[in-house]
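K.L.:
Please find one structure pasted underneath; my questions will follow.
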Amino acid sequence: MLKERIATRHNVVALGPFTVDALAASASNQQAGGDDGVVAPWAGSVIGMSGVLSAAASAGELTVGASADGAENANSTVTVTTETVFSARFDAGRIPFAADEQLGVEFSTDGDWDSTGSLKVTLFVIFENMDF
9 MLKERIATRH NVVALGPFTV DALAASASNQ QAGGDDGVVA PWAGSVIGMS
59 GVLSAAASAG ELTVGASADG AENANSTVTV TTETVFSARF DAGRIPFAAD
109 EQLGVEFSTD GDWDSTGSLK VTLFVIFENM DF
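Going by the numbering used here, the first residue of the sequence shown is number 9, and it counts up by one from there.
This is the structure:
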């Protein structure tokens, strides 16, 4: 039997959205959605992140980053102040993850953060060695 191997150059997948219903000041290392995220069926790396806030803050900072098994990767952290939308792009391989790790989003706010709006974040990942 002949087996055909399908090759794809870029296996980009969007994961999420990972959500927080109501942001609060002084939140520290919280997982969006309340859990550690989506289990990765293959190894790969995070190559992008985008987010939307339902209401802008007028003071304080929100930091958002990709996490694997509940641990945020410092190379993925984005700081948000008064914006309601944000995005970041990362080089492939800079934010790696292994197969079977749970991918998610971690966030923190400082004590001055004054928006109680909601947050939605999407991760963009490349999976490696996908055989079909």
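Cβ coordinates follow ideal geometry from the N, Cα and C atoms, glycine included.
Predicted model only: the values in this text are computed from it and were never measured.
1) Could you name the residues that DSSP lists as bridge partners for residue 57?
2) Alpha carbon to alpha carbon, what distance is there between residue 113 and residue 119?
3) Just tell me which of 137, 49 and 54 has its CA closest to the CA of residue 74.
4) Closest to residue 72 by CA distance: which of 28, 134, 99 and 136 is it?
5) Relative to the ligand NAP, is the shortest distance from any of its heavy atoms to the C-beta of residue 75 smaller than 7 Å?
6) Please name the residue in 31, 21 and 100 whose C-alpha comes closest to that of residue 88.
7) How many Å lie between residue 91 and residue 64 at the Cα?
8) Between which two residues does the beta strand (DSSP E) carrying residue 117 extend?
P.N.:
Looking at the coordinates:
1) 96 and 131
2) Straight-line Cα distance between these residues: approximately 20 Å.
3) 54
4) 28
5) This structure does not include the ligand NAP; it has no bound ligands of any sort.
6) Minimum Cα distance to residue 88 is reached at 31.
7) In a straight line, the C-alpha of residue 91 is about 6 Å away from that of residue 64.
8) 110 to 117
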